[in-house]
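Visitor: One structure follows; several queries about it will come next.
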Amino acid sequence: TYSIPSEQFPALVSHVWKDMAVLMQKGLSALPASSRAFGASFAAIGVALPLVEHALPHAYAGYLPSGIAFGIGMYVTADWSIPRLAGALLEYLWRRYDPRSHELHMLMLASGFVLGEGVMSIVALFFTALGVPKLIAS
Numbered sequence: 394t395y396s397i398p399s400e401q402f403p404a405l406v407s408h409v410w411k412d413m414a415v416l417m418q419k420g421l422s423a424l425p426a427s428s429r430a431f432g433a434s435f436a437a438i439g440v441a442l443p444l445v446e447h448a449l450p451h452a453y454a455g456y457l458p459s460g461i462a463f464g465i466g467m468y469v470t471a472d473w474s475i476p477r478l479a480g481a482l483l484e485y486l487w488r489r490y491d492p493r494s495h496e497l498h499m500l501m502l503a504s505g506f507v508l509g510e511g512v513m514s515i516v517a518l519f520f521t522a523l524g525v526p527k528l529i530a531s
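Okay, here's the thing in structure tokens:
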């Protein structure tokens with residue numbers, strides 16, 4: 394039998410689903426006492442962000458953080474979010490300093506990265522199945 398998530402099968406957000414199932418089964422008593430205040434605080438922020446965004450002039454509203462981005466960030470691990478942050482910053486700088494090149498090549502480059510990540514995950518899975526040791530310990 395296999396344990397998921399595990400070193401061999403790192404199901405990235407499976408722990409979130411498991412914890413949610415425990416919460417649904419046992420109710421709020423399954424949570425630490427401090428998490429209720431934490432949850433209520435972020436629920437208030439989640440309600441306030443779109444209200445503030447609606448009240449601000451359009452030119453300033455774009456500077457507010459996205460509540461959905463915060464929500465996703467709570468579920469996605471750092472090994473997923475940090476490369477995406479780095480990519481977003483590079484994309485922003487490229488678009489700002491060379492908009493013509495950005496317009497011509499960005500979609501092709503991004504598609505190549507997505508394809509490359511998918512192909513390399515299959516290659517890594519193949520090597521794992523063959524028992525090839527990892528070059529970089531996780």
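All residue numbers for the sequence shown refer to this note's numbering, where the first residue is 394 and numbers rise by one. Using N, Cα and C, we set each Cβ at its ideal position, and we do this for glycine too.
Of all the options G466, L518 and V445, which has the alpha carbon lying nearest to the alpha carbon of L478?
Guide: On the sequence shown, position 85 is the one that residue 478 refers to. Per the Cα distances, G466.
Visitor: Residues in the same chain with beta-carbon distance under 6 Å from G511, minus the five sequence neighbours each way, listed in chain order, please.
Guide: As a working note, residue 511 is residue 118 in the sequence shown. Here the set comprises nothing.
Visitor: Is it the case that the Cβ atoms of G439 and F463 are separated by a distance below 9 Å?
Guide: Counted from its first residue, the sequence shown places residue 439 at position 46. Counted from its first residue, the sequence shown places residue 463 at position 70. Cβ distance < 9 Å, so G439 and F463 count as in contact.
Visitor: If L442 sits next to L457, beta carbons under 8 Å apart, how far is it from one beta carbon to the other, in whole angstroms?
Guide: As a working note, residue 442 is residue 49 in the sequence shown. As a working note, residue 457 is residue 64 in the sequence shown. With 8 Å as the limit, L442 and L457 qualify as a contact, their Cβ atoms being about 6 Å apart.
Visitor: From what residue to what residue does the alpha helix (DSSP H) around T470 run?
Guide: What you label residue 470 is simply residue 77 of the sequence shown in a count that begins at 1. Careful: T470 lies outside any alpha helix (DSSP H) and carries neither H nor E.
Visitor: Note down the Cα distance separating S428 from P450, rounded to an integer number of angstroms.
Guide: Position 35 of the sequence shown, counted from the first residue, corresponds to residue 428. Position 57 of the sequence shown, counted from the first residue, corresponds to residue 450. Using only the alpha carbons, I get a separation of about 34 Å.
Visitor: By how many angstroms is the C-alpha of G455 removed from the C-alpha of F520?
Guide: Taking the first residue of the sequence shown as 1, we reach residue 520 at position 127. Taking the first residue of the sequence shown as 1, we reach residue 455 at position 62. For F520 and G455, the distance between alpha carbons rounds to 44 Å.
Visitor: With A423 and V415 assumed to form a contact (beta carbons below 8 Å), what rounded beta-carbon distance in angstroms separates them?
Guide: Sequence index remark: in the sequence shown, residue 423 carries index 30 (1-based). Sequence index remark: in the sequence shown, residue 415 carries index 22 (1-based). About 5 Å; that satisfies the 8 Å criterion.
Visitor: Would R488 pass as a contact of M499 if the rule is Cβ separation under 9 Å?
Guide: Here residue 488 refers to the residue found at position 95 when the sequence shown is read from its first residue. Here residue 499 refers to the residue found at position 106 when the sequence shown is read from its first residue. Contact: yes.
Visitor: I543 to L421, Cα distance in whole Å?
Guide: Because residue 543 is not part of the residues shown, which for the chain are 394 to 531, the question remains open.
Visitor: From G460 to E496, what distance separates their C-alpha atoms?
Guide: Locating residue 460 in the sequence shown gives position 67, counting from the first residue. Locating residue 496 in the sequence shown gives position 103, counting from the first residue. So the two alpha carbons sit approximately 28 Å from each other.
Visitor: Which residues mark the beginning and the end of the alpha helix (DSSP H) in which L500 is found?
Guide: Here residue 500 is taken as the residue at index 107 of the sequence shown, counted from 1. Here the alpha helix (DSSP H) through L500 covers P492 to L523.
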